[in-house]
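Residue numbers (the working numbering): 644 to 742.
In structure tokens:
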């Protein structure tokens, strides 16, 4: 799967939230369908989020936060993306790879 293409498609047709605070809040509200994390997302944050929301699939990509922000056409680094609505993309077919 070309994750960059799928992210761009989701940006146009769905709803994505960016950043650790928005992701944690969406998980707490039960809105999160998938969490995508950069390769250099802090391990402590990842462990805390996974422990408090084990039902939300979490997928770590090989891109670092700088590259993930650029892939989403954002002028800032993005360490986490929360998929609330995948729109026309296939992002929800990503399997959780964090245990």
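Heads up, the beta-carbon is just placed ideally off N, CA and C, and yes, glycines get one too. Computed from a predicted structure; not experimentally measured.
Classify residue i as helix, strand or coil using the three-state DSSP reduction.
| i | result |
| --- | --- |
| residue 652 | helix |
| residue 679 | strand |
| residue 660 | strand |
How would you call residue i, buried or exposed, if buried means at least 16 neighbouring beta carbons within 10 angstroms?
| i | result |
| --- | --- |
| residue 656 | exposed |
| residue 712 | buried |
| residue 644 | exposed |
| residue 736 | exposed |
| residue 675 | buried |
| residue 716 | exposed |
Let's see if you can read the secondary structure: which residues bound the alpha helix (DSSP H) around residue i?
| i | result |
| --- | --- |
| residue 711 | 708-714 |
From which residue to which residue does the beta strand (DSSP E) around residue i run?
| i | result |
| --- | --- |
| residue 690 | That residue, residue 690, is in no beta strand (DSSP E); its alpha helix (DSSP H) goes 686-695. |
| residue 723 | 723-728 |
Residue i and residue j: beta carbons closer than 7 Å?
| i | j | result |
| --- | --- | --- |
| residue 739 | residue 706 | no |
| residue 650 | residue 694 | no |
| residue 721 | residue 708 | yes |
| residue 659 | residue 724 | yes |
| residue 652 | residue 732 | yes |
Counting only beta-carbon atoms, is residue i nearer than 7 Å to chain D?
| i | result |
| --- | --- |
| residue 715 | No chain D is present in this structure, which holds just one protein chain. |
Within 8 Å, do at least three Cβ pairs link the segment 685-693 to the segment 724-738? No: fewer than three Cβ pairs fall under 8 Å.
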